[in-house]
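This report concerns only the one structure given below.
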Amino acid sequence: SKTKASPVTRDASEPKGKPASGPLAKKRQELLPIRQALPIWAHASDIRQALRGPHKDVLLLVGETGSGKSTQVPQFLLSEPWCTGQIAITQPRRVAAISLARRVADEMGSTLGSSSPGSKVGYSVRFDQSVSPSTRIKFLTEGMLLQEMLRDPWLKQYSVVVVDEVHERSVNVDLVLGFLRNIVTGDKKGRGGKPLKVVVMSATADIEGLQRFFEDGYRLSSQHSSSNGTTAATNGTEDSESSWSGISSSSEDEAPKSITPRKELSNGVEPKNGSPAASISQCHIEGRQYPVKTMYLPEPTQDFVEAALKSIFQIHYKEPVPGDILVFLTGQDTVEGLEKLVKEYVLGMGPEVPKIITLPLFAALPQHLQQRVFAPAPPKTRKVILSTNIAETSVTVPGVRFVVDCGKAKIKQFRNRLGLDSLLVKPISQSAAIQRQGRAGREAPGQCYRLYTEKDYNTLGKNTTPEILRCDLSAALLVMKARGIDDVLNFPFLSRPPHEALEKALLQLLQLGALTEAGEISDIGRTIAKLPLTPTLGRCLVEAAKPERGCLTEMIDIIAALSVENVFLNLVTEEKREEAEAARRTLYRREGDHMTFLATVQGYAEEKSDRKAWTERHYVSHRAMQNVMDIRKQLRGLCGQLSLPIADIEKSSEELTTSILHSLLRGFAANTARLMPDGSYRTLSGNQTIAIHPSSVLFGKKVEAIVFSESVFTSRSYARGVSAVRLDWVAGVLAGTDG
Ligand code: ADP
Numbered sequence: 089s090k091t092k093a094s095p096v097t098r099d100a101s102e103p104k105g106k107p108a109s110g111p112l113a114k115k116r117q118e119l120l121p122i123r124q125a126l127p128i129w130a131h132a133s134d135i136r137q138a139l140r141g142p143h144k145d146v147l148l149l150v151g152e153t154g155s156g157k158s159t160q161v162p163q164f165l166l167s168e169p170w171c172t173g174q175i176a177i178t179q180p181r182r183v184a185a186i187s188l189a190r191r192v193a194d195e196m197g198s199t200l201g202s203s204s205p206g207s208k209v210g211y212s213v214r215f216d217q218s219v220s221p222s223t224r225i226k227f228l229t230e231g232m233l234l235q236e237m238l239r240d241p242w243l244k245q246y247s248v249v250v251v252d253e254v255h256e257r258s259v260n261v262d263l264v265l266g267f268l269r270n271i272v273t274g275d276k277k278g279r280g281g282k283p284l285k286v287v288v289m290s291a292t293a294d295i296e297g298l299q300r301f302f303e304d305g306y307r308l309s310s311q312h313s314s315s316n317g318t319t320a321a322t323n324g325t326e327d328s329e330s331s332w333s334g335i336s337s338s339s340e341d342e343a344p345k346s347i348t349p350r351k352e353l354s355n356g357v358e359p360k361n362g363s364p365a366a367s368i369s370q371c372h373i374e375g376r377q378y379p380v381k382t383m384y385l386p387e388p389t390q391d392f393v394e395a396a397l398k399s400i401f402q403i404h405y406k407e408p409v410p411g412d413i414l415v416f417l418t419g420q421d422t423v424e425g426l427e428k429l430v431k432e433y434v435l436g437m438g439p440e441v442p443k444i445i446t447l448p449l450f451a452a453l454p455q456h457l458q459q460r461v462f463a464p465a466p467p468k469t470r471k472v473i474l475s476t477n478i479a480e481t482s483v484t485v486p487g488v489r490f491v492v493d494c495g496k497a498k499i500k501q502f503r504n505r506l507g508l509d510s511l512l513v514k515p516i517s518q519s520a521a522i523q524r525q526g527r528a529g530r531e532a533p534g535q536c537y538r539l540y541t542e543k544d545y546n547t548l549g550k551n552t553t554p555e556i557l558r559c560d561l562s563a564a565l566l567v568m569k570a571r572g573i574d575d576v577l578n579f580p581f582l583s584r585p586p587h588e589a590l591e592k593a594l595l596q597l598l599q600l601g602a603l604t605e606a607g608e609i610s611d612i613g614r615t616i617a618k619l620p621l622t623p624t625l626g627r628c629l630v631e632a633a634k635p636e637r638g639c640l641t642e643m644i645d646i647i648a649a650l651s652v653e654n655v656f657l658n659l660v661t662e663e664k665r666e667e668a669e670a671a672r673r674t675l676y677r678r679e680g681d682h683m684t685f686l687a688t689v690q691g692y693a694e695e696k697s698d699r700k701a702w703t704e705r706h707y708v709s710h711r712a713m714q715n716v717m718d719i720r721k722q723l724r725g726l727c728g729q730l731s732l733p734i735a736d737i738e739k740s741s742e743e744l745t746t747s748i749l750h751s752l753l754r755g756f757a758a759n760t761a762r763l764m765p766d767g768s769y770r771t772l773s774g775n776q777t778i779a780i781h782p783s784s785v786l787f788g789k790k791v792e793a794i795v796f797s798e799s800v801f802t803s804r805s806y807a808r809g810v811s812a813v814r815l816d817w818v819a820g821v822l823a824g825t826d827g
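Here it is as C-alpha cells:
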C-alpha cells in the first residue's frame with residue numbers, strides 16, 4: 089500500500105522531560121528547521137504508521153539522494169512503542185556510516201559514540217567502533233552487521249534494521265537482505281517472540297524486485313509451516329535437493345534457515361498473517377530536483393583527468409560564485425593527481441578571479457578531512473570537490489551546482505581467466521550517470537559536464553550489475569557457512585549468482601582449509617569468518633599465528649599496509665621518481681613489496697619524534713600511515729580476542745622472512761606465477777600471462793616465482809603487491825602438502 093504525505097507536527101527525537109540547554113541543545117535547535125525542510129519530513133507519520141501493529145514488519149522506502157532517508161528515518165522510529173531495542177542502519181561504506189552518525193548525533197543534540205556517557209548515536213565500521221551502552225541508533229557497514237549476525241543470528245539487540253543504499257547492490261547488502269528475510273518471515277522463537285522490523289531504502293525506484301523478494305519469503309514460510317505442520321524457521325533444508333552432494337553441514341546454533349519449497353507453490357495457501365503483501369508497505373518520497381543542463385564532449389578523450397581540469401576552469405571563469413563543483417573520478421590516485429594539477433593552476437589565477445579550494449573525497453580519507461566537504465565555502469570562494477563514486481549516492485554534498493563526470497568508476501570484478509577479483513576501471517551505467525548528474529540540481533538549476541560523447545552515453549548499460557553477479561563469492565559463502573546455512577544454493581538471493589561462481593568460491597574455501605572436504609566449516613574457517621578481512625588475507629594471518637611460523641605481528645603490519653590504498657606517494661615526474669627511489673632505498677627489500685611494506689611500517693612505528701617528517705623524507709603518505717597504525721592496533725586487539733598467539737621465539741631475520749613468505753603463500757596460493765623462458769610470468773593456476781606492476785619493487789626483476797596480493801587490469805594484467813618466492817614452495821602449497 090502506498091502512503092500519502094501528511095503534515096507532521098511532532099519531532100520524534102524530542103527528548104522527554106526537562107528542556108535541555110547548552111551547546112548540544114543549541115545545535116539541535118539550529119538544525120531542526122533544516123530537517124523540517126527535507127522532503128521526507130512530511131512522510132514521518134506514514135513511515136511510523138507503516139510499521140505500527142502486528143505483522144507490519146517490512147517497509148520499502150524510495151527517495152532521491154538527499155531527501156533525508158538516512159538521517160531522519162531512524163529518528164522517526166526511535167519513539168515508537170515497539171522500538172525498545174536498538175536501531176541499526178547499514179551503509180555500504182565506512183565514510184558514510186561515520187559521517188551520518190555524527191550528523192544524526194548533532195541533530196539529536198547528543199554526543200557521538202563512546203566519547204561520553206549517555207550518547208544516543210554510535211557507529212561500527214571495520215577497524216573502528218564507537219558505541220556506548222546508551223546507544224540507540226547505530227550506523228554500521230553491511231560487513232559489520234554480518235559480523236554481528238555470526239555472534240547473534242537473531243539480532244536480538246535490535247528492534248529494527250534499516251538497510252540503506254540497497255540500489256548499490258553490494259554483495260554484503262544482498263547477504264544482509266537474505267538473512268533478514270529469513271528472520272522476518274520465520275517464527276520469532278530465537279527473538280523471544282519479538283518481531284524484527286525491516287526498512288529497506290533505495291535512491292532508485294525499481295523496488296518491485298524487493299517487493300516480490302519479501303512476498304516470496306512470506307509465501308514460502310507460510311507454505312512451509314502449513315505443509316509439514318512445523319514452524320517456518322526450523323530447518324527446512326534436510327531433504328531439499330542439493331546439488332552440493334557432500335557440501336552440507338550440521339549446524340550447531342539455532343540460526344534461522346533459508347526455507348526451501350517442497351512442492352510447487354500452490355494457490356490458496358495463505359500465510360497465517362494474512363496475505364504476504366499486507367505485511368509489506370511501500371513509501372515513495374517525491375524528489376526535489378531542479379533541471380540540470382547536460383553537456384557532452386564532441387570527441388572522446390583519452391585523458392579524463394586533463395579533460396576534467398579544463399572543465400573545472402571553464403566553469404570557474406564563466407560562472408558566478410557561489411556554486412560549487414563536484415567532480416567524479418575513479419579512485420584515490422586520480423583524485424590526488426587532479427588535486428595536484430588544480431592547485432598548480434590556481435597559482436596562476438589573477439587576484440580578480442574568485443578563489444578555489446579543492447577538497448578530495450574518497451573512502452580511505454581520514455574522517456576529519458572528509459567532514460570538510462560539508463562546510464560551506466568561504467566568501468568569494470568556490471569549492472571543488474574531487475570525489476570517487478562515494479558522492480554518487482552515499483554522501484550528499486551541499487552547495488553543488490556543477491557536476492563533472494568522467495563516466496568511469498573503479499569496480500571489483502571477478503576475472504574468470506585469472507581466477508580472481510581485479511579492480512577494473514569501467515564505464516559506469518546510465519543510471520549511475522543520471523545519479524551523478526542529479527547531484528547538480530539539489531538546490532537550484534545546475535549543469536553537468538559529461539567527459540564523454542553523447543553517443544558513448546547511449547551505449548552504456550542501463551543499470552549497474554549487482555556485485556554478487558560479478559565478484560568472488562568466497563567471503564560471502566564463508567559468512568553463510570559460519571552462520572549455519574548448510575545449503576548455500578537455496579539461500580534467498582535477491583539475484584542468484586551463477587552456479588559456477590558458487591562452485592568456484594566453495595573450492596577456494598576448500599583450498600584455504602576454511603571448509604572441510606565434507607563442506608563443513610573448519611575451525612580455521614570459523615576464525616577467518618570473525619576477522620574483518622578477505623578469506624585469503626584471513627588465512628595468511630591464521631597461518632602466521634601457527635607456532636612453526638611465528639610471525640603474527642609482522643603479518644599484521646603487512647596486512648595493515650595492504651588495507652590502505654597507497655602507502656607510497658604517487659610520483660608524477662621522472663626526476664621526482666628518481667629522488668623518491670633514492671629516499672626509499674633504505675625501505676626497499678629484495679624479497680619484494682610485502683617485506684618492503686613491513687620495513688616501512690616498522691620504520692614509521694619506530695620513529696618517535698616526528699613521524700610526519702619521516703614520511704616526507706621517505707616519500708611515504710602520512711595519511712596512509714596514520715590509517716595503517718589504526719588498523720594495526722585494531723587487528724592486534726582482534727587477534728588477542730581470537731587467541732591467535734604472538735610468537736615469543738627469537739628467529740634469525742632470514743627465518744622470519746621465510747615464515748612470512750610461506751604464510752603469504754598459504755593464503756594467496758591461487759595468486760602465484762612462474763617465470764617463463766621468455767622472461768614473462770604465467771599464473772600457475774590459470775596459465776595466464778601477468779606482468780609485475782611498475783609500482784612494485786620487483787618491477788623489471790626476474791625471479792623464479794612470485795606471489796601477489798592484488799591484480800589490476802589496465803591494458804594488460806598486472807600483479808601488484810608482489811613477493812619473490814621459491815618455485816618448490818609454491819608447488820608445495822598447491823599440492824596441499826604444506827598444511
Ligand atoms: P538520503 O539518505 O535521502 O540521501 P540524508 O539523510 O543522507 O539523505 O541527507 C539529508 C541531508 O542532510 C542532506 O541534505 C545532507 O546535506 C545533510 N547531511 C547529511 N550528512 C551530513 C553531515 N555529515 N554533515 C552535514 N550535513 C549532512
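Numbering (full-length UniProt numbering), first residue to last: 89 to 827. Even for Gly, the Cβ is constructed at its ideal location relative to N, Cα and C. Given the structure is predicted, the values throughout are model-derived calculations rather than measurements.
Going by beta carbon distance, what residues of the same chain come within less than 6 Å of Q690, once the five residues before and after it are set aside? Position 602 of the sequence shown, counted from the start, is the residue given in the question as residue 690. Excluding residues within five positions, none has a Cβ falling inside 6 Å.
For the alpha helix (DSSP H) that E798 lies in, which residues bound it at each end? Taking the sequence shown and counting its residues from 1, the one referred to as residue 798 is at position 710. Here E798 belongs to no alpha helix (DSSP H); instead the beta strand (DSSP E) covers A793 to F801.
Quick check: what's the CA-CA separation for R584 versus P379? In the sequence shown, counting from the first residue as 1, residue 584 sits at position 496. In the sequence shown, counting from the first residue as 1, residue 379 sits at position 291. Looking at the two C-alpha atoms, the distance is approximately 37 Å.
DSSP on R350, reduced to helix/strand/coil? Start at 1 with the first residue of the sequence shown, and residue 350 comes out as number 262. The pLDDT assigned to R350 is 33, lower than 50, so where the model puts this residue is not dependable, and the model offers no usable value.
What is the rounded straight-line gap between the Cα of T553 and the Cα of I373? Along the sequence shown, one-based indexing puts residue 553 at 465. Along the sequence shown, one-based indexing puts residue 373 at 285. T553 and I373: Cα-Cα distance of roughly 25 Å.
Quick check on the burial criterion: 16 or more other C-beta atoms within 10 angstroms. Buried or exposed for K569? Within the sequence shown, residue 569 is the residue found at index 481, counting from 1. With 16 or more other Cβ atoms within 10 Å, it is buried.
Anticipated Cβ contact below 8 Å, I780 with F787, distance rounded: By 1-based counting over the sequence shown, the position of residue 780 is 692. By 1-based counting over the sequence shown, the position of residue 787 is 699. Rounded, the Cβ-Cβ distance is 5 Å, consistent with contact.
For a test of the three-state rule: what should DSSP assign to E440, helix, strand or coil? Locating residue 440 in the sequence shown gives position 352, counting from the first residue. Reduced to three states, the DSSP call for E440 is coil.
Nearest neighbour of L657, chosen from C628, V708 and Y692 [CA to CA]: Indexing the sequence shown from 1 puts residue 657 at position 569. Per the Cα distances, V708.
Exposure of H404, with buried meaning 16 or more beta-carbon neighbours within 10 Å: Start at 1 with the first residue of the sequence shown, and residue 404 comes out as number 316. A buried status is given to H404, since no fewer than 16 other beta-carbon atoms sit within 10 Å of its beta-carbon.
Taking only runs of the alpha helix (DSSP H) that begin and end inside the region 583 to 626, which ones reach a length of at least 4 residues, in chain order? 587 to 599 and 611 to 617
Sequence-distant residues of its chain with Cβ nearer than 7 Å to G809 (five each side left out): Locating residue 809 in the sequence shown gives position 721, counting from the first residue. These residues qualify, in order along the chain: L650, D681, H682, F796, S797 and E798.
Any idea if E326 is buried or exposed, counting beta-carbon neighbours within 10 angstroms, 16 or more meaning buried? Locating residue 326 in the sequence shown gives position 238, where the first residue counts as 1. Low confidence applies here, because E326 scores a pLDDT of 29, under 50, leaving its location unreliable; read the following figure in that light. By the neighbour-count rule (16 or more Cβ atoms within 10 Å), E326 is not buried but exposed.
If you drop the 5 nearest sequence neighbours on each side, which residues of the same chain put their C-beta closer than 8 Å to that of R627? For the purposes of this step, residue 627 is taken as residue 539 along the sequence shown, with counting starting at 1. The residues are L600, G601, A602, I612, I616, R754 and G755.
Cβ-based neighbour list, I335, same chain, cut-off 7 Å, excluding 5 preceding and 5 following: The residue labelled residue 335 in the question sits at position 247 within the sequence shown. Confidence at I335 is low in this model, with a pLDDT of 35, below 50, so its placement is unreliable and no value can be given for it.
DSSP puts A812 in a beta bridge; with which residues? On the sequence shown, position 724 is the one that residue 812 refers to. BP columns for A812 point to I794.
What does a CB cutoff of less than 6 Å around S198 pick up in its chain, not counting 5 residues either side in sequence? Along the sequence shown, read from residue 1 onward, the residue named residue 198 stands at position 110. Cβ within range, chain order: S207, K208 and V209.
Is the region 520 to 539 touching the region 560 to 577, taking contact as three or more C-beta pairs under 8 Å? no
The ligand ADP and L228: does any heavy atom of the ligand fall closer than 7 Å to the residue's C-beta? As a position in the sequence shown, residue 228 is number 140, starting the count at 1. Not under cutoff, so the answer is no.
Hey, I473 and A451 are a contact pair by Cβ (cut 8 Å); roughly how many whole angstroms apart? The residue labelled residue 473 in the question sits at position 385 within the sequence shown. The residue labelled residue 451 in the question sits at position 363 within the sequence shown. Rounded, the Cβ-Cβ distance is 14 Å, inconsistent with contact.
So M232 and R214 are in contact, right, with Cβ under 8 Å, and what is the actual spacing, rounded? For the purposes of this step, residue 232 is taken as the residue at position 144 of the sequence shown. For the purposes of this step, residue 214 is taken as the residue at position 126 of the sequence shown. So it is a contact: roughly 7 Å between Cβ atoms.
Going by Cα to Cα distance, which pick from G572, G201, L234 and K618 is closest to V219? Position 131 of the sequence shown, counting from 1, holds the residue named residue 219. If we check each option's Cα against that of V219, G201 comes out closest.
Out of P442, I522 and R300, point me to the one whose CA is closest to R269's CA. Position 181 of the sequence shown holds residue 269. Nearest to R269 by C-alpha distance, out of P442, I522 and R300, is R300.
Tell me the DSSP bridge mates of G534? As a working mapping, residue 534 is identified with position 446 in the sequence shown. According to DSSP, which records beta bridges pairwise, G534 is partnered with V380.
Do you know offhand how far E605's Cα is from V461's? Walking along the sequence shown from the start, residue 605 turns up at place 517. Walking along the sequence shown from the start, residue 461 turns up at place 373. Straight-line Cα distance between these residues: approximately 51 Å.
Cβ contact (3+ pairs, closer than 8 Å) linking the region 164 to 179 and the region 132 to 142: yes
Measuring alpha carbon to alpha carbon, tell me which residue in L723, E792 and G141 is nearest P765. As a working note, residue 765 is residue 677 in the sequence shown. Comparing Cα-Cα distances from P765 to each of L723, E792 and G141, the minimum goes to E792.
If I follow the unbroken alpha helix (DSSP H) through K398, where does it start and stop? Residue numbering aside, residue 398 sits at position 310 when the sequence shown is read from its first letter. Residues F392 to K406.
Round the Cβ separation of A735 and G638 to the nearest angstrom and send it over; I've been treating them as touching at under 8 Å. Translated into the one-based positions of the sequence shown, residue 735 becomes position 647. Translated into the one-based positions of the sequence shown, residue 638 becomes position 550. About 3 Å; that satisfies the 8 Å criterion.
Report whether the distance from the Cβ of L126 to the nearest heavy atom of the ligand ADP is below 7 Å. Residue numbering aside, residue 126 sits at position 38 when the sequence shown is read from its first letter. Flag set: Cβ of L126 near the ligand ADP.
Is the beta carbon of K144 sitting closer than 8 Å to the one on S369? On the sequence shown, residue 144 is found 56 positions in, with the first residue counted as 1. On the sequence shown, residue 369 is found 281 positions in, with the first residue counted as 1. Taking 8 Å as the Cβ cut-off, K144 and S369 qualify as a contacting pair.
Q455 beta carbon near the ligand ADP (any heavy atom closer than 7 Å): For the purposes of this step, residue 455 is taken as residue 367 along the sequence shown, with counting starting at 1. False, no ligand heavy atom lies under 7 Å from that Cβ.
Tell me whether F164, by its Cβ, gets closer than 7 Å to a heavy atom of the ligand ADP. On the sequence shown, position 76 is the one that residue 164 refers to. Remark: the shortest separation between the CB of F164 and any heavy atom of the ligand ADP does not fall under 7 Å.
So, with DSSP's three-state summary, where would you put G110? Counting from 1 along the sequence shown, the entry for residue 110 is found at position 22. The answer is coil: DSSP assigns G110 none of H, G, I, E or B.
Which one or two residues does DSSP pair with G210 in a beta bridge? Residue numbering aside, residue 210 sits at position 122 when the sequence shown is read from its first letter. In the DSSP secondary-structure assignment, G210 is bridged to K226.
Backbone CA spacing between K739 and E195 [nearest angstrom]: Counted from its first residue, the sequence shown places residue 739 at position 651. Counted from its first residue, the sequence shown places residue 195 at position 107. For K739 and E195, the distance between alpha carbons rounds to 55 Å.
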